[in-house]
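Asks: Chains as they are written, first to last, in the working numbering: chain A, 1 to 600; chain B, 1001 to 1575.
1) Which of the three DSSP states is assigned to residue 1466 of chain B in this structure?
2) Could you tell me whether the Cβ atoms of residue 1537 of chain B and residue 1558 of chain B are closer together than 7 Å?
3) Can you tell me whether residue 1421 of chain B is buried or exposed, with buried defined as 16 or more other CB within 10 angstroms of its CB?
4) Just to confirm my understanding: we take residue 409 of chain A, look at its own chain, exclude 5 residues before and 5 after, and list those with CB closer than 6 Å. What are they?
5) Within 10 Å of its beta-carbon, does residue 1165 of chain B have 16 or more other beta-carbons around it, so buried, or fewer, so exposed?
6) Could you work out which residue in A:469, A:372, A:350 is closest to residue 379 of chain A when comparing CA atoms only?
7) Under the three-state reduction of DSSP, which class applies to residue 1106 of chain B: helix, strand or coil?
8) Select from the segment 1156 to 1176 of chain B all residues with a C-beta closer than 8 Å to any C-beta belonging to chain A, and list them in chain order.
9) Nearest chain B C-beta to residue 260 of chain A closer than 7 Å, yes or no?
10) Tell me which residues share the same chain as residue 292 of chain A and place their Cβ nearer than 8 Å to its Cβ, disregarding the 5 neighbours each side in the sequence.
11) What are the residues in the segment 1279 to 1307 of chain B lying within 8 Å of chain A by C-beta distance?
12) Does any C-beta atom of chain A lie closer than 7 Å to the C-beta of residue 1251 of chain B?
13) Run through chain B and tell me which residues come within less than 7 Å of residue 459 of chain A, C-beta to C-beta.
14) What residues of chain A sit near residue 1201 of chain B, judged by a beta carbon separation below 8 Å?
15) Check the Cβ of residue 1406 of chain B against every Cβ in chain A and list those closer than 9 Å, keeping chain order.
16) Given that residue 1501 of chain B touches chain A, what residues does it touch there, using C-beta distances under 8 Å?
17) For a test of the three-state rule: what should DSSP assign to residue 105 of chain A, helix, strand or coil?
18) Between residue 1540 of chain B and chain A, is any beta-carbon pair separated by less than 7 Å?
19) State buried or exposed for residue 506 of chain A, treating a residue as buried only when at least 16 other CB atoms are found within 10 Å of its CB.
20) Does the beta-carbon distance from residue 547 of chain A to residue 503 of chain A come in below 7 Å?
21) Mind the definition here: the segment 150 to 164 of chain A touches the segment 306 to 315 of chain A only if three or more C-beta pairs lie below 8 Å; say whether that holds.
22) Using a C-beta cutoff of 7 Å, does residue 1197 of chain B count as contacting chain A?
23) Looking at the C-beta of residue 1275 of chain B, does it have a partner C-beta in chain A at a distance below 7 Å?
24) Over the uninterrupted beta strand (DSSP E) stretch that includes residue 358 of chain A, give me the two end residues.
25) Step through the CB atoms of chain B and report whether any lies within less than 7 Å of the CB of residue 452 of chain A.
26) Alpha carbons only, please: which of B:1190, B:1151, B:1092, B:1361 is nearest the one belonging to residue 995 of chain B?
27) Per DSSP, what kind of secondary structure is residue 432 of chain A in: helix, strand or coil?
28) Less than 8 Å between C-beta atoms, sequence neighbours within five positions excluded: which residues of the same chain meet that for residue 298 of chain A?
29) Have a look at A:210, A:251, A:38 and flag the residue whose alpha-carbon is nearest the alpha-carbon of residue 1122 of chain B.
30) Could you check where the alpha helix (DSSP H) with residue 162 of chain A kicks off and where it finishes?
31) Whole angstroms is fine: what's the gap from residue 331 of chain A's alpha carbon to residue 338 of chain A's?
32) Can you find the residues in the same chain that come closer than 7 Å, C-beta to C-beta, to residue 185 of chain A, ignoring five residues on each side of it along the sequence?
33) Can you give me the start and stop residues for the alpha helix (DSSP H) that residue 215 of chain A sits inside?
34) Can a CB atom of chain A be found closer than 7 Å to the CB of residue 1033 of chain B?
35) Taking 7 Å as the threshold (beta carbon to beta carbon), is residue 94 of chain A in contact with chain B?
36) Leaving out five residues before and five after residue 1427 of chain B in sequence, what residues of the same chain have Cβ atoms less than 7 Å from its Cβ?
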C-alpha cells in the first residue's frame, strides 16, 4: 500500500546477525582469494607495527651512541621492509577488489534472476524506480560492506591486537593507562550509533522516494508538460529533496560527534601517558625510547578504533540495503512450476474453466474477489469474444489461462492438462498474448519482432510482419527492419507500436491467441487490414478477444458477456443480439445510440 | 544558464565555509601545538628535570585535545550541511531544468540515465562541498601548518617533507588523469546495466507473455559482466599507482627518524626536537594516504560535473518568447497552412482549419496520419515547422507557455498516472486550487466514481505506477476525470475512450455534451465525432475530407468507408 513515491517503504525487520551470516555465506567458494588477502594483510599489518620499533631502536641505541653507520643500515632495512609492505598492499587491494566485485556481480545476477520469477502482484505493488534501486543502488552498497570489511575492519582489529600486544609486553602500566579511556568511548559511540542508525535507515528511504519520483516524472513528461504541471511536480520534488536533506541534517548533527569523541579520549590517553610516563621515567622504570614509541602506539591504537567505529556505522546503514535485497530474494514466486511439473506437449487448443474461484491479493487489505464459480468450455479453433464493463474480470480470465496468477479453487484446463501441472514455460510458449501495453525494447525492428521467437530467420520475421500488415510501414522506415527503435518505441505512433507487437506475437506461432484490447488504438481501416492477417493465422487456432468494438467482436464464434457476477451470457453474436433485454444487446445498442436517430 | 559554477556556489556559502575553515584552523593549530608540548615534556621536564611545569604542559595538552574535538565537530557538521544544501540545490535545479526540455529530448534520452544524473551525479557535487572539499582544504592546511612548524625548527630537515609532498601531489594528479577515463567507462556501463533492468521491469508483462525471462537474464548477465570488467580495469589502473601513497606514508616517519637521528648524533639537534619532528612526520602519513583516495574522488567528481553541465547546456527548444503575451487564453483554435516535419519526415502538410470558441472539431484518420501531432502543436509540445497555430487568436509562439497549456485540458492516448492518490492524480498540477468535491464531481462525469467509491480509501487510494493496479479502462476514466475537473476553455481528447466498454463510452459521450468550451476530439469511432461541428479526415498528413457527419456520408469517401465498416451491416441487423 504505502508504495507511492511520496511514501516511505515499510521495512521488514530482520535479525542483524542473520543478515550478516547470510552475507558471509557469499564468501564461500572464494576461499583461496580470502586466504591470500588475509595473508597479504597480515604481512602488511606486521610491517606497519615494526616501523615504530625501528624508530625506537634508532632513538634508544644508535643516536645516543652516535652510531651513524648503524643508523644507515637501519634505514636500508626499513626501505626493504616497506617495499615488501607495498607489494603486499598491492596484492591485497587487487584481491579484495576482485573478491568484492565478484560477489556483488553474483548477488546482482541472483536478485535479477529471482525478480524474473516473481508474479505480477510484486510489480503491481511497487513503482519500477523502487525495484530498480534494489538492483543497482542497494547492491552497490553491499560492495562497500565487503570491501570496507577487508580494508578497515580486519586490518583494524589486527592492528589493535598487535598494538595491545606490543604495549603490554613493553610496559603493562603504560599499556593499561593508554587503554583506560576505551570503555568511556565505547559507551559514547554506542549512544551516538543508536540514534544515527535509525536516521540513516530513514535517509535511505527518502533517497528511494526521490529516485522513484524522478523516474515517474520523466516517464510521464508529456502529460506533465501538457498540463503545465511542472510547477507542482517541482514542488513535490522540492519537498522530497527537503525531507531528504532534513533527515541528513538530523543524522549528521549527532553522527558528527563521532570523531571528536574519539579525539577527546585520545587526548586524555596521551595526557595520562605522559603524566605517569614521566614519573616512571624518573624511577628508571621506562626508557625514553619506550615513551616515544608509546606516543606512536597510542596514535596507532586510536586510528583503527575510529576506523572500526566508522566501519560499524557504514555496515549498519548498508545492512539495511542487504535486508532489502534479501527481502526481494525471500519473496516467493507466487506462480511457479510444481516439482513434478511436466512439459505441456504441443496442444490443439481446447480450453476449459471448471468452477473457478479467484481473488486478488488474498490476505491483504486490498483483497478483492473477481471470479466466483466460473465454468466454460472452448473447443480448439473457436474464436471467443469477451465483452462487458471494464473491471469486470475479462482480463483476469485470460491472465489465468496463461497462469499469470493462480486460482484459489477449481481448475483451468488446456487440452485437459491443469495449467498448474505443466511447466510455465511450455504453457506460455504455446500462447500468444497481446495487450495494449505493446512494450517496445531498445533495439532494431527485427530484434523486437524476434522477441517472439529468438531463432526466427529474416524470412520468418518478414512473413510475420506481412501477415499483420506491418511490413509496409516498416519498409518505409529509414533502414527498414534494421531501424533502431528507442526506449519504449519513442518516435513511433501507438498504432505502429501495436503492429510491431502483432508481428512479434505472430512470429511465435501460438496455438492459443489472446488479444486484450489489442486493437483498440488503431484506426478502423488498419484494424480491418490487421484483421485479415489475423484471420489467416487464426485458422485452426483457439482465440480469446477482449474488445469493445463491434467490428472486432462480430466475427467471433461465441461471445461471453462478463459481469461482476461472472459470465452472464454466452452465445453466437446473432443469437445474443436477438435476445430481448439481454446484456449484450444492451451494450450493443449503446454504441448505436449516437448514430441511430439521423442515420436511419 | 543554470550551469553549475563551483565558484558561484562557493561565494554563496562563503559565510559557513569561512566558519568551517576557521574551526578547522583551530583544530589544526591544536594538533600542531600538541607535539611542541610533547617536545617540551621531553626536553624541559625529563632532561631538564623541571617537573614543576609538567602539570601546565599536560593541561595544555588537554586543552589542545578539547580544541581539536570541538573544532573538529563544527568543521565536519558545517561542511556536511553546506554540502547537503549544495547537493539539494543542484538536484532541484537539474530537475527543474529537465522539466523545461522539449519532448524530443526525452525521446532520445534514457530514463535511467537522467535518473543517475539527478541522484548519483548530484551527490558528487555535494561531495565537493562536503567530505571531499573538507578533506582537501584540511590536507592543504595541515601540511602547510606542519611544514611551517618543521621549518621553524629545522629548515634543512624540513625540505625533505616538502620535496616528498610535491612528488606525491604530482603523482596524485597523474593518477586522477588516468582514472578519469576508466571512470567514464564505469559510469557508462552502469547506465547500460540500469537501462536493461529498467526496460525489463517496465515491460514485465511482455517479458512474461513471451517467456523471455531466460533471454532477459542473459542480456542482463552480459551487461553485468561488462560492468564488472570495467570496474576491474579501474582497479588495475588504480592499483598500479595507488600503493605508492601508503608506502611513502609508512616509510616517511622512519626515514625522518634516521635522518634526524644523524643530526642528533652530530649534536645539531636535541632529542626532544627529534621526537617532535617524528610526531610531525606522523602527521604527514594521513594526508599522504588520503591523497590517493582524493585523486580517485576527483576523477569521479569531474565526470559527474561534466555530465550535469551537459544537461544544463541542453536548451529547451520550446520556450517563452521574449515579450510573450501573458494572461488567460481564449478558446478558439486556428491552424493556418501548418506543416510539421521531423528530421526528413513530413508529418503534417498544409493543415488549415478553424474552431470557434465553444465549437467541436472531430479528427479522424489512419494510424500514423498525424492526428496526435495536431494536438501536440496546439499545446506547443512541438513547434510547427511551417504556418501558424493560433489559440485564442494569438500565435502560440507569442503566448506565455504556461498560460497556453493552462487553457487546455487534455486526455492523452496513453494514460499515465503517478503513484499517488486518485485524488491527486485527478487534480494533478492544480493540487492547491481544486477541492475534493470537484474531483468527485468530475469523476462521476467520467464514470470513474463508480469504481473509485468502491475502493477502501476511496479518493485517497494510492494507485500504482502507471496505474498498473487498475484495468486499462479504469485508468482511462481517471485520466478523463483529470481533464473534466478543469475549467480550461479547450478540451482535447486524443482517442481516449478506446479501452472503455460500449456503455461507458456512451455515458462519456453524454457527459461531453455537458462540458462547455471548445472541443477537439480525435477518434477512430464514428460515434465519438458524430456531432462535431466539423470533422476532418487526415490521410498521410493532409486533410483528405472535411465537413459535417451528413456531408461526409454524402460525399462517400474515407469517412463513409469507416462508417460502413463500423455500422453498415449491423444497422441492417438491428433495424
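Every residue, glycine too, gets a C-beta built ideally from N, C-alpha and C.
Replies: The short version:
1) Interpretation of residue 1466 of chain B is limited by its pLDDT of 48, a score under 50 that renders its predicted location unreliable; no figure is taken from the coordinates.
2) With a cutoff of 7 Å on beta-carbon distance, residue 1537 of chain B and residue 1558 of chain B are scored as near each other.
3) By the Cβ-count criterion, residue 1421 of chain B is buried, with 16 or more other Cβ atoms from all chains shown falling within 10 Å of its own Cβ.
4) Same-chain partners within the cutoff: 357.
5) Result: buried.
6) Of A:469, A:372, A:350, the smallest CA-CA separation from residue 379 of chain A is found for A:350.
7) Collapsing the DSSP output to three states places residue 1106 of chain B in a helix.
8) Within the segment 1156 to 1176 of chain B, no residue has a Cβ that lies closer than 8 Å to any Cβ of chain A.
9) Chain B, which has a Cβ nearer than 7 Å to the Cβ of residue 260 of chain A, makes this yes.
10) Excluding residues within five positions, the ones whose Cβ falls inside 8 Å are 55, 56, 59.
11) For chain A, the residues of the segment 1279 to 1307 of chain B that bring a beta carbon within less than 8 Å of one of its beta carbons are 1279, 1282, in chain order.
12) Taking 7 Å as the CB threshold, residue 1251 of chain B lines the interface with chain A.
13) Against chain B, the beta carbon of residue 459 of chain A has no neighbour under 7 Å; the closest one sits roughly 20 Å away.
14) Neighbourhood of residue 1201 of chain B in chain A, by CB distance below 8 Å: 115, 123, 128, 131, 132, in chain order.
15) In chain order: 227, 228.
16) By Cβ distance, chain A contributes 387, 388, 389, 390, 548, 587.
17) It is helical.
18) No, its Cβ sits nowhere closer than 7 Å to a Cβ of chain A.
19) Residue environment: residue 506 of chain A is assigned as buried (16 or more neighbouring CB atoms within 10 Å of its CB, all protein chains considered).
20) Note that the C-beta distance between residue 547 of chain A and residue 503 of chain A is not below 7 Å.
21) Contact between the segment 150 to 164 of chain A and the segment 306 to 315 of chain A is present: 3 or more CB-CB pairs across the two stretches fall below 8 Å.
22) Look at residue 1197 of chain B: its C-beta is under 7 Å from a C-beta on chain A.
23) By the rule that beta-carbons nearer than 7 Å mark a contact, residue 1275 of chain B touches chain A.
24) It spans 351 to 360 - the beta strand (DSSP E) in which residue 358 of chain A sits, taken as one unbroken run.
25) By this cut-off, residue 452 of chain A is an interface position.
26) Since the first residue shown for chain B is 1001 and the last is 1575, residue 995 of chain B is missing from the structure and cannot be characterised.
27) Strand at residue 432 of chain A.
28) Excluding sequence positions up to five before and after residue 298 of chain A, its CB lies within less than 8 Å of the CB of 178, 266, 269, 270, 273, all in the same chain and listed in chain order.
29) Nearest Cα to residue 1122 of chain B within the set A:210, A:251, A:38: A:210.
30) Run containing residue 162 of chain A: 154 to 170, per the alpha helix (DSSP H) assignment.
31) C-alpha separation (whole angstroms): 17 Å.
32) Counting only residues of its own chain and dropping the five nearest sequence neighbours on each side, residue 185 of chain A has a CB closer than 7 Å to the CB of 261, 262, 265.
33) For residue 215 of chain A, the enclosing alpha helix (DSSP H) has its first and last residue at 182 to 219.
34) With 7 Å as the cut-off, residue 1033 of chain B does not count as an interface residue toward chain A.
35) At least one chain B Cβ lies under 7 Å of residue 94 of chain A.
36) Cβ within range, chain order: 1434, 1439, 1485.
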